[in-house]
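There are 2 protein chains.
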Amino acid sequence: MEVSKNAIVLSSGGLDSTTVIAIAKDMGFKVYSLSFDYGQRHKYELNAARDIAKFFNVEKHLVIDINLRKIGGSALTDDIDVPDADSVTDEIPVTYVPARNTIFLSYAMAWAEVLKSSDIFIGVNAVDYSGYPDCRPEFIKSFEMMANLATKTGVEGTTNLKIQTPLQDMSKSEIIKKGVSLGVDYGKTISCYNPTAGLSCGKCDSCYLRVEGFRKANIEDPTKYL
Amino acid sequence: MEVSKNAIVLSSGGLDSTTVIAIAKDMGFKVYSLSFDYGQRHKYELNAARDIAKFFNVEKHLVIDINLRKIGGSALTDDIDVPDADSVTDEIPVTYVPARNTIFLSYAMAWAEVLKSSDIFIGVNAVDYSGYPDCRPEFIKSFEMMANLATKTGVEGTTNLKIQTPLQDMSKSEIIKKGVSLGVDYGKTISCYNPTAGLSCGKCDSCYLRVEGFRKANIEDPTKYL
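Sequence order for the protein chains is W and R. Residues 660 to 885 in the numbering used here are what the first sequence spells out, letter by letter. Residues 660 to 885 in the numbering used here are what the second sequence spells out, letter by letter.
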């Protein structure tokens, strides 16, 4: 049996996951991009994810409605104010969404099984990130083990599911340089937790990491800030 | 800090998960029951789950829409015929839904974190079951490990999440006897994969296990069959 080259790539419309799409394509995978509508307060990122899917000519782009707002517990889904970067501490921030990456990867796992794909890509990153527990390598490894016990193909031994995290050890500026070398147009991506009319706030934790990344990469930032 | 006695119980409206609600209540937990609308072809089980939540006077019953039909791959969500029990083999059946329990437990994990609950109950059972990989103890154990790496409370060490599987080693007849002793009205539950106008088919794998369970328990089966 020929090895399947289908890959699921989790796509948020942001800088990291868009770079991951470019990397997966560059590795020769047929990309199936997957985005989630999770009651986030802005839809800009879902529109960005759709534009990026078109730009990269992916096999299929799926947006799944998962109503995390029903469960609550985060500044990104509830009506808690998003903090500025300078008020961010070492603690896990209020923008943390409970179980988000676990839920995202679970859906990716379901789609991977249907597509007979053994590769799921996720743009987690342990260098310039916001301190979310479900971005850490030990979480990813543990999810991968669980996934191979959960699925028909895993149990039958026909597919050994891999969670690919190509950005894991890269700084934001390295990610940007890699993406630019692969033709990513970062003007199409959005990172801001709190955009207004399509413009990034330039003040939240995510904007801060992005601005610093472009500065350190010595690449012009195409982002439109307020 | 007082130990929280909130528990999430996954509830399908079926025999097993309803027994689990009764067990969790009997153990002294405040029960939050969680059901999923996953594009299944019948809604009877969601109605049953609601009735059961009322019957047991749970703290809150949540139904979350998760559109697994978009992903496909199962006789329970697609338009594949559900097989009769006598055509069931040792292989993983077509009624298997990719990643279902992983997705269900992921949502339960999110809710547990918001409620500061350390207990998630699921009615998996390794004796009289249909051969799904995500019902096995090794899967559950692996999910539990992953969950404790994924969550803010797990990482901070304030909560050690436990996936409770009280039915794990019980036969269907033992489950029924336990439930009856705790006051479960199995007439409110539905197990059939393929009901017609609220009546169970009596022929699918799930009906077969149920009929046999009542027979072996020597308890009258309140189920209405076609």
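Where is the CB? At the ideal position from N, CA and C, for every residue including glycine. These numbers were taken from a predicted model, which means no experiment stands behind them.
Taking Cβ-Cβ distances shorter than 8 Å, what residues in chain W pair up with residue i?
{"i": "Leu-727 of chain R", "result": "Ala-769"}
{"i": "Ile-762 of chain R", "result": "Ile-762, Ser-765, Tyr-766, Ala-769"}
Chain R partners of residue i, CB-CB under 7 Å?
{"i": "Ile-723 of chain W", "result": "Asn-726, Lys-729"}
What in chain W is Cβ-close to residue i, meaning under 7 Å?
{"i": "Asp-793 of chain R", "result": "Ala-809"}
Could you check whether residue j and residue i sit closer than 8 Å to each other, using their CB atoms as the reference points?
{"i": "Ala-666 of chain R", "j": "Leu-841 of chain R", "result": "no"}
{"i": "Leu-826 of chain R", "j": "Val-690 of chain R", "result": "no"}
{"i": "Thr-855 of chain R", "j": "Leu-808 of chain R", "result": "no"}
{"i": "Phe-714 of chain R", "j": "Lys-847 of chain R", "result": "yes"}
{"i": "Pro-792 of chain W", "j": "Thr-761 of chain R", "result": "no"}
{"i": "Asp-696 of chain W", "j": "Asp-724 of chain W", "result": "yes"}
{"i": "Lys-831 of chain R", "j": "Gly-872 of chain R", "result": "yes"}
{"i": "Arg-869 of chain R", "j": "Ser-850 of chain R", "result": "yes"}
{"i": "Ser-859 of chain W", "j": "Thr-882 of chain W", "result": "yes"}
{"i": "Ala-712 of chain R", "j": "Ser-776 of chain R", "result": "no"}
{"i": "Met-805 of chain R", "j": "Phe-780 of chain W", "result": "no"}
{"i": "Tyr-845 of chain R", "j": "Cys-863 of chain R", "result": "no"}
{"i": "Ser-692 of chain R", "j": "Ala-707 of chain R", "result": "no"}
{"i": "Pro-799 of chain W", "j": "Ile-835 of chain W", "result": "According to the sequence provided, residue 799 of chain W is Ile. The question's Pro does not apply to it. For Ile-799 of chain W and Ile-835 of chain W, no; Cβs fall outside 8 Å."}
{"i": "Val-773 of chain R", "j": "Pro-757 of chain W", "result": "yes"}
{"i": "Lys-664 of chain W", "j": "Gly-687 of chain W", "result": "yes"}
- Query: Given a limit of 7 Å on CB to CB distance, which residues of the segment 688-714 of chain W reach chain R?
  - Reply: none
- Query: the segment 797-810 of chain R: which residues have C-beta closer than 8 Å to a C-beta of chain W, in chain order?
  - Reply: Glu-797, Phe-798, Ser-801, Phe-802, Met-804, Met-805, Ala-806, Leu-808, Ala-809, Thr-810
- Task: Answer yes if the segment 868-880 of chain W comes into contact with the segment 674-688 of chain R, meaning at least three C-beta pairs across the two stretches below 8 Å, and no otherwise.
- Result: no
- Task: Identify every run of the alpha helix (DSSP H) within the segment 797-884 of chain R, keeping only runs that are complete inside it and at least 4 residues long; order them along the chain.
- Result: Runs of the alpha helix (DSSP H) inside the segment 797-884 of chain R: 811-815, 831-840, 864-876.
- Message: Quick check: the segment 759-772 of chain W against the segment 712-723 of chain R, are at least 3 beta-carbon pairs closer than 8 Å?
- Response: no
- Counting Cβ pairs, one atom from each stretch, are 3 or more of them under 8 Å apart for the segment 824-838 of chain R and the segment 782-799 of chain R? yes
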